[in-house]
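Chemist: Numbering (our numbering), first residue to last: 2 to 813. No residue lacks a Cβ here, since even glycine has one placed at the ideal position from N, Cα and C.
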RNA sequence: GCGGGCGUGGCGGAAUGGCAGACGCGCUGGAUUUAGGUUCCAGUGUCCAAGUGACGUAAGAGUUCAAGUCUCUUCGUCCGCACCA
């Protein structure tokens, strides 16, 4: 079979007959199958794209054959940094390069033979899409979920530009010029995802997602139950608020620490300390967050000269600044209890600060300082002495609450989502600033705020759009007076946080989507994409859906009911494919030589889907060989004669057929494609075995099984299955056929061979009736001479029987 | 550093707590073929005294009649860490 010509023939036929067109009338059995859309940064599909889209497409085809009305769209996540950087390097405009890349990739996606319905395609960088991304921003703003405030960015003082974290090297320098990167505050927009922290955490339990992904989101959200305590500062009207999970240790506070970026720092620092504090702030602005949170890194800090008053005992404690305290977590201030916290202990030891025990270990508990265990009770804590750790925490917080110097507080690690980007290639933020009216959202009828084409986006310290007078200067939508636009663009994660809502209604010019329609098609039933999105894209999308639900635009709580992560295809050397390593394998040459079916099945057979693994070209030859073996058998089966014989051999062959159907169905459903294909290989091995050296075959039975085998092969090798299906004399299309269902009765065996263990070691095998009970099996087994020899006259103390599989005799 | 994975033959990988290594690659042997990067069949974890044998799932301990699987410790490795998408 010439795979290449054959595949082209069927792709043409599929397109002409609109085989994959979604039926909008049958929403009762709808199934929304979605792969994460691709980013057109390179013109060609790489192995990773193939690995995401090929197997998932097979799953979608399998579901279609099971009778589901499958909605399977594809599109492009087209805004983003790489196109802009490419433009800075080459002078090619991001819009031109992106649209060119999309055209090429779309052609390739059609050629992998996937069942996408291209009628529903979307491209996020086109005005008809980003109009609604901007609309989303306006809704967030109107519902109090978008807020403008100061936030730090990475700043390269030499390039005079904002850098993405990706552009900052491991040593904290700029990737372009190797200058040390600093942090600078800019006023930027945030989405208040933290408002949904509790629900985002709780609803994880409802999702059919990989447990590890849910765990990662739980940790990312980082709920922590504790107390907020108010410390007055000497000579300052504004108090210092600290968050702590250990209010029980309040009597042991010997100093306090502010993050170097904390707004109080400038107010409270005394003249003598100012120089050291300023110096320290500069140093801290150069350390990365990962470094700052490292528990092994040496703690540093400096005294501000100011003192705080501990509300539980009125004691004066010095206030330091230190970079192990982050402005972005909690209140940006901590109380330090060196006796009962590792980090505080290290810091106090280094700077000679007092260390005072307030928790003693319970009976028999080793309590050398720092003693951080909860297995203790309060000491040196006045009226609270003797209380347990948890009891003390509650009692002290309740007491502070009464005095209005503290309260119970739940804190999250999750931070609000910074969506402003000082870049060109993104959706402009639809906000206008007017001297008279202030911050004004652009009204819906004026959307989209179009991204101008002729913009100078070479880095020079400003957002590129700020330099475009035609874009920046506008009229205020409220008063009509002169006003200016927000010069920033939206984080591309905003575009990808709602695209799955747009697909089913992608041509709607009136609204982002029709609520009633979307409520029928959503949520996405199966979402497939990389695990690297666990904490960001997947969390942002969940937040969007919850926010839109509360605004009344959708009636469901979660975007993705069921989630699967594909693994990563590594280079042949076992390392991640990268140009610099020179281990990149391109799918193209293999697809051109063997066809897309062979390539797809190779990806599905040679790896565990969720694990991935190193590339191995031999596997492609193996699949090619297997498919040739399939074709030879199907062709030869056409000539087979004979029917009516149904003896032991036929019964066995038929059992293999039904076992295969059962296993392939179950495994494919769970994305365990490699084992599903292994079972199909076994079926063909059994078919070959049955027909070899057998002059009295049941040709009718064989042909019947071949028919089923083509059906169960269809999702994995769609083009070839169409060809074989036609060859067998059937009507187009194999994908309009019902998926075979196995007959459990054909699987039942009267007798089973079981393994017999003596003290856990296999000593014999015996054949028993499959439905025999434990007592009966025990008698048969003990009568076996090998077993008797192994028991060797010892006493049987226990007998365990696992039906049809194994018996274990415990002797002493 | 923190968080989350993973670790099984020469290789890719299988194993609801129940006979470790399915299926495939590679290798060995046989048959077919003028020929083969063909096809078909058989064998293939390690060790030895070759068996109704011993050992064997990164290392060490534990729970269990039974552990690759559950628990703890250690080592190695990969991914994410909020401006790559």
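List the DSSP bridge partners of residue 185.
Modeler: To locate residue 185, count along the first chain from 1; it is residue 184. 154, per the DSSP bridge assignment.
Chemist: Do residue 575 and residue 615 have their C-beta atoms within less than 9 Å of each other?
Modeler: Start at 1 with the first residue of the first chain, and residue 575 comes out as number 574. Start at 1 with the first residue of the first chain, and residue 615 comes out as number 614. A contact, by the Cβ cut-off of 9 Å.
Chemist: Is the beta carbon of residue 598 sitting closer than 9 Å to the one on residue 720?
Modeler: Residue numbering aside, residue 598 sits at position 597 when the first chain is read from its first letter. Residue numbering aside, residue 720 sits at position 719 when the first chain is read from its first letter. It is a contact, given that the beta carbons lie within the stated cut-off.
Chemist: Assuming residue 713 contacts residue 741 (C-beta within less than 8 Å), just tell me the rounded distance between them.
Modeler: Position 712 of the first chain, counting from 1, holds the residue named residue 713. Position 740 of the first chain, counting from 1, holds the residue named residue 741. Confirmed, Cβ separation roughly 6 Å.
Chemist: Does the Cβ of residue 622 have 16 or more other Cβ atoms within 10 Å, making it buried, or fewer, making it exposed?
Modeler: Your numbering for residue 622 matches position 621 in the first chain. Answer is exposed; the Cβ neighbour count stays below 16.
Chemist: Taking DSSP's pairing of strands, which residues face residue 408 in a bridge?
Modeler: Here residue 408 corresponds to residue number 407 of the first chain, with the count starting at 1. BP columns for residue 408 point to 229.
Chemist: Name the DSSP bridge partner or partners of residue 474?
Modeler: What you label residue 474 is simply residue 473 of the first chain in a count that begins at 1. According to DSSP, which records beta bridges pairwise, residue 474 is partnered with 485.
Chemist: Confirm, please, whether the CB-CB distance from residue 211 to residue 565 is below 9 Å.
Modeler: Taking the first residue of the first chain as 1, we reach residue 565 at position 564. Taking the first residue of the first chain as 1, we reach residue 211 at position 210. In this structure, residue 211 lies closer than 9 Å to residue 565 by Cβ.
Chemist: If you count every other CB in all the chains shown that lies within 10 Å of the CB of residue 786, and 16 or more means buried, which is it?
Modeler: In the first chain, the residue the question calls residue 786 occupies position 785. With fewer than 16 other Cβ atoms within 10 Å, it is exposed.
Chemist: Which residues bound the alpha helix (DSSP H) around residue 593?
Modeler: Indexing the first chain from 1 puts residue 593 at position 592. Run containing residue 593: 588–595, per the alpha helix (DSSP H) assignment.
Chemist: Alpha carbon to alpha carbon, how far is residue 317 from residue 258?
Modeler: Working through the first chain from its first residue, we reach residue 317 at position 316. Working through the first chain from its first residue, we reach residue 258 at position 257. Looking at the two C-alpha atoms, the distance is approximately 13 Å.
Chemist: Out of 362, 2 and 343, which one is the CA nearest neighbour of residue 300?
Modeler: Within the first chain, residue 300 is the residue found at index 299, counting from 1. Residue 300 has its Cα closest to that of 343, out of 362, 2 and 343.
Chemist: Can you tell me the Cα-Cα spacing of residue 181 and residue 581, whole angstroms?
Modeler: What you label residue 181 is simply residue 180 of the first chain in a count that begins at 1. What you label residue 581 is simply residue 580 of the first chain in a count that begins at 1. Going by the C-alpha atoms only, they are around 24 Å apart.
Chemist: Nearest to residue 800 by alpha carbon, out of 749, 777 and 631?
Modeler: Numbered from 1 along the first chain, position 799 holds the residue referred to as residue 800. Nearest C-alpha to residue 800: 777.
Chemist: Suppose the cutoff is 6 Å on Cβ atoms and the five residues either side in sequence are ignored; what does the same chain contact list for residue 521 look like?
Modeler: In the first chain, the residue the question calls residue 521 occupies position 520. If we look at residue 521 and ignore the five residues flanking it on each side, its Cβ neighbours are 28.
Chemist: Go ahead and label residue 488 buried or exposed: buried means 16 or more other beta carbons lie within 10 angstroms of its beta carbon, across all protein chains shown.
Modeler: Along the first chain, one-based indexing puts residue 488 at 487. That one is buried.
Chemist: Taking 8 Å as the limit between beta carbons, can you name the residues of its chain near residue 763, skipping five residues before and five after?
Modeler: Locating residue 763 in the first chain gives position 762, counting from the first residue. So the list reads 756 and 757, once near-sequence residues are dropped.
Chemist: Quick one: which unbroken alpha helix (DSSP H) runs of 4-plus residues sit fully inside the stretch 238–286? Chain order, please.
Modeler: Entirely contained in the stretch 238–286, the alpha helix (DSSP H) runs reaching 4 residues are, in chain order, 265–269 and 272–285.
Chemist: Under 9 Å between the Cβ atoms of residue 544 and residue 497?
Modeler: Looking up residue 544 in the first chain gives position 543. Looking up residue 497 in the first chain gives position 496. The answer is no: Cβ separation not under 9 Å.
Chemist: What would DSSP say about residue 764, mapped onto helix, strand or coil?
Modeler: As a working note, residue 764 is residue 763 in the first chain. Residue 764: strand per DSSP, three-state reduction.
Chemist: What number of angstroms, rounded off, separates the C-alpha of residue 174 from the C-alpha of residue 353?
Modeler: Here the question's residue 174 lines up with position 173 in the first chain. Here the question's residue 353 lines up with position 352 in the first chain. So the two alpha carbons sit approximately 34 Å from each other.
Chemist: Can you have a look at residue 803 and say buried or exposed, based on whether 16 or more other CB atoms are within 10 angstroms of its CB?
Modeler: Counting from 1 along the first chain, the entry for residue 803 is found at position 802. That one is exposed.
Chemist: Could you give the C-beta distance for residue 245 and residue 228, rounded to a whole number, given that I count them as a contact under 8 Å?
Modeler: Taking the first chain and counting its residues from 1, one reaches residue 245 at position 244. Taking the first chain and counting its residues from 1, one reaches residue 228 at position 227. Between residue 228 and residue 245 the Cβ distance is about 6 Å, and since that is below 8 Å, they are a contact.
Chemist: Could you tell me the distance, in whole angstroms, from the CA atom of residue 143 to the CA atom of residue 591?
Modeler: By 1-based counting over the first chain, the position of residue 143 is 142. By 1-based counting over the first chain, the position of residue 591 is 590. Their backbone Cα atoms lie some 52 Å apart in a straight line.
Chemist: Please classify residue 641: does DSSP put it in a helix, a strand, or coil?
Modeler: By 1-based counting over the first chain, the position of residue 641 is 640. Three-state result, residue 641: coil.
Chemist: Between which two residues does the alpha helix (DSSP H) containing residue 365 stretch?
Modeler: Taking the first chain and counting its residues from 1, the one referred to as residue 365 is at position 364. No alpha helix (DSSP H) holds residue 365; DSSP gives it neither H nor E.
Chemist: Would you kindly work out how many angstroms separate the C-alpha atoms of residue 45 and residue 526, rounded to a whole number?
Modeler: Here residue 45 is taken as the residue at index 44 of the first chain, counted from 1. Here residue 526 is taken as the residue at index 525 of the first chain, counted from 1. The alpha-carbon atoms of residue 45 and residue 526 are separated by roughly 28 Å.
Chemist: Enumerate in chain order the residues of its own chain whose CB-to-CB distance from residue 651 is below 7 Å, with the five nearest sequence positions on each side excluded.
Modeler: The count along the first chain starts at 1 and reaches residue 651 at position 650. These residues qualify, in order along the chain: 699 and 702.
Chemist: To the nearest angstrom, report how far apart residue 506 and residue 119 are at their CA atoms.
Modeler: Taking the first residue of the first chain as position 1, residue 506 is located at position 505. Taking the first residue of the first chain as position 1, residue 119 is located at position 118. Approximately 13 Å, taken between the alpha carbons.
Chemist: Identify whether residue 375 lies in helix, strand or coil by the three-state DSSP scheme.
Modeler: Taking the first residue of the first chain as position 1, residue 375 is located at position 374. If DSSP states are grouped into helix, strand and coil, residue 375 belongs with coil.
Chemist: Thinking residue 716 and residue 23 are a contact (beta carbons under 8 Å), I'd like their distance in whole angstroms, please.
Modeler: Looking up residue 716 in the first chain gives position 715. Looking up residue 23 in the first chain gives position 22. That pair is no contact at about 18 Å.
Chemist: Please list the segments of the alpha helix (DSSP H) lying wholly inside the stretch 762–799, counting only runs of 4 or more residues, in order along the chain.
Modeler: The qualifying runs are 775–784 and 786–792.
Chemist: Can you check DSSP and say which residues form a bridge with residue 162?
Modeler: Along the first chain, one-based indexing puts residue 162 at 161. DSSP output for residue 162 lists 157 as bridge partner(s).
Chemist: Find out if the Cβ-Cβ distance for the pair residue 379, residue 389 is shorter than 9 Å.
Modeler: As a first step, residue 379 is located in the first chain; it is residue number 378 there, counting from the start. As a first step, residue 389 is located in the first chain; it is residue number 388 there, counting from the start. Yes, the Cβ-Cβ distance between residue 379 and residue 389 is below 9 Å.
Chemist: Tell me, to the nearest whole angstrom, how far the beta carbon of residue 217 is from that of residue 535; I am working on the premise that it is less than 8 Å.
Modeler: Numbered from its first residue, the first chain carries residue 217 at position 216. Numbered from its first residue, the first chain carries residue 535 at position 534. At roughly 5 Å, the Cβ-Cβ gap stays under 8 Å, so residue 217 and residue 535 are in contact.
Chemist: Are there 16 or more other CB atoms within 10 angstroms of the CB of residue 377, so buried, or fewer, so exposed?
Modeler: Taking the first residue of the first chain as position 1, residue 377 is located at position 376. Result: buried.
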